[in-house]
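J.:
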Amino acid sequence: MFSFNMFDHPIPRVFQNRFSTQYRCFSVSMLAGPNDRSDVEKGGKIIMPPSALDQLSRLNITYPMLFKLTNKNSDRMTHCGVLEFVADEGICYLPHWMMQNLLLEEGGLVQVESVNLQVATYSKFQPQSPDFLDITNPKAVLENALRNFACLTTGDVIAINYNEKIYELRVMETKPDKAVSIIECDMNVDFDAPLGYKEPERQVQHEESAEGEADHSGYAGELGFRAFSGSGNRLDGKKKGVEPSPSPIKPGDIKRGIPNYEFKLGKITFIRNSRPLIKKVEEAARFAHCSWRSFLWTD
Numbered sequence: 001m002f003s004f005n006m007f008d009h010p011i012p013r014v015f016q017n018r019f020s021t022q023y024r025c026f027s028v029s030m031l032a033g034p035n036d037r038s039d040v041e042k043g044g045k046i047i048m049p050p051s052a053l054d055q056l057s058r059l060n061i062t063y064p065m066l067f068k069l070t071n072k073n074s075d076r077m078t079h080c081g082v083l084e085f086v087a088d089e090g091i092c093y094l095p096h097w098m099m100q101n102l103l104l105e106e107g108g109l110v111q112v113e114s115v116n117l118q119v120a121t122y123s124k125f126q127p128q129s130p131d132f133l134d135i136t137n138p139k140a141v142l143e144n145a146l147r148n149f150a151c152l153t154t155g156d157v158i159a160i161n162y163n164e165k166i167y168e169l170r171v172m173e174t175k176p177d178k179a180v181s182i183i184e185c186d187m188n189v190d191f192d193a194p195l196g197y198k199e200p201e202r203q204v205q206h207e208e209s210a211e212g213e214a215d216h217s218g219y220a221g222e223l224g225f226r227a228f229s230g231s232g233n234r235l236d237g238k239k240k241g242v243e244p245s246p247s248p249i250k251p252g253d254i255k256r257g258i259p260n261y262e263f264k265l266g267k268i269t270f271i272r273n274s275r276p277l278i279k280k281v282e283e284a285a286r287f288a289h290c291s292w293r294s295f296l297w298t299d
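Per UniProt numbering, residue 1 is the first one in the sequence shown, and the count goes up by one each step.
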């Protein structure tokens, strides 16, 4: 008799139009090929063998294809999407952060099952390092990074790459379920305080220190000299003559001008102070009378 596990790779099982099988998992860095597949590390999708695509195409699987990964040895599970079907038979390739969440070693067995997840409406993340606060706009950075993810699972620690640096974020909460799909969704995002973050201590008011300081103002009075007291001191020691302070101006001394009540908008009036010419007219008449009399005398 032959057992069904005589082959190197397990045969996928189908229960009620559900895909379920076991694969040996390896990190993406173990994927053979000329192309650099570092882009897989930046997201939450795996690479499966072509036989999985053949089985999924025969089932009534809703799109997008989402899977539940379970490590039975450590009782850890997570959810993911699929990026390509180019892996060797019996093998699937996972991002490194996903293998850490599942506590998987290279070549460990994982159960892969197809699932249907609700669309996310809310998620909350906790940065695992205070360095995440150095990002100017963390929500925009996270939104751009989540485009490479298909779903989120509460309790997972995902990794995002920004400015050639990897930031880890723990998924603290997801709604409406503990595992949600984030493909074409309108999701509200919130952040917890980073792990290890300490709020800056508020500076204590200097009132107590000011009260404890000794008052040295009395020393200046004993020496006869007080700095910045408002008056100067001569080098020869003589006292400077004190000038009387000007008396303040009383409000009654200020004369106010009389407003022009005949002012009209658009009319300019030049006011001139005309002096009387009475004295000049009298002097001119007197001069003319004297000159007339002198003219008569000479005749």
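For each residue, glycine too, the CB sits at the ideal point set by N, CA and C.
1. Taking 7 Å as the limit between beta carbons, can you name the residues of its chain near Met187, skipping five residues before and five after?
2. Buried or exposed: where does Phe19 fall if 16 or more other Cβ atoms within 10 Å of its Cβ makes it buried?
3. Indicate whether the contact test is met: 3 or more Cβ pairs, each with one atom in the segment 132-143 and one in the segment 106-116, closer than 8 Å.
4. If you count every other CB in all the chains shown that lies within 10 Å of the CB of Gly81, and 16 or more means buried, which is it?
5. Give the straight-line distance between the Cα atoms of Ile183 and Leu152, rounded to the nearest whole angstrom.
6. Could you tell me whether the Cβ atoms of Met48 and Glu84 are closer together than 9 Å?
7. What are the start and end residues of each continuous alpha helix (DSSP H) run of 4 or more residues lying completely inside the segment 136-190, in chain order?
8. For Gly185, count neighbouring Cβ atoms within 10 angstroms of its own Cβ and tell me buried if that reaches 16, exposed if not.
9. Between Gly43, Asp177 and Val157, which has its C-alpha nearest Gln118's C-alpha?
10. Going by the CB atoms, is the gap between Asn60 and Asn101 shorter than 9 Å?
11. Going along the chain, which unbroken runs of the alpha helix (DSSP H) with 4 or more residues stay wholly within the segment 17-87?
12. Which word fits Gln203, buried or exposed, when buried means at least 16 other C-beta atoms lie within 10 angstroms of its C-beta?
13. Using only the alpha-carbon positions, how far apart do Ala52 and Gly90 sit?
14. How is the beta strand (DSSP E) around Gln100 delimited, first residue to last?
T.: Let me spell this out:
1. Ala120, Thr121, Tyr122 and Ser123
2. buried
3. no
4. So Gly81 ends up on the buried side.
5. 10 Å
6. yes
7. 138-145
8. The residue you asked about is not Gly; residue 185 is Cys in the sequence shown. It counts as exposed.
9. When Gly43, Asp177 and Val157 are compared, the shortest CA-CA separation from Gln118 is found for Asp177.
10. no
11. For the segment 17-87, the full-length alpha helix (DSSP H) segments reaching 4 residues or more read 50-58 along the chain.
12. Per the 10 Å Cβ criterion, exposed.
13. 9 Å
14. Not the beta strand (DSSP E): Gln100 falls in the alpha helix (DSSP H), residues His96 to Leu102.
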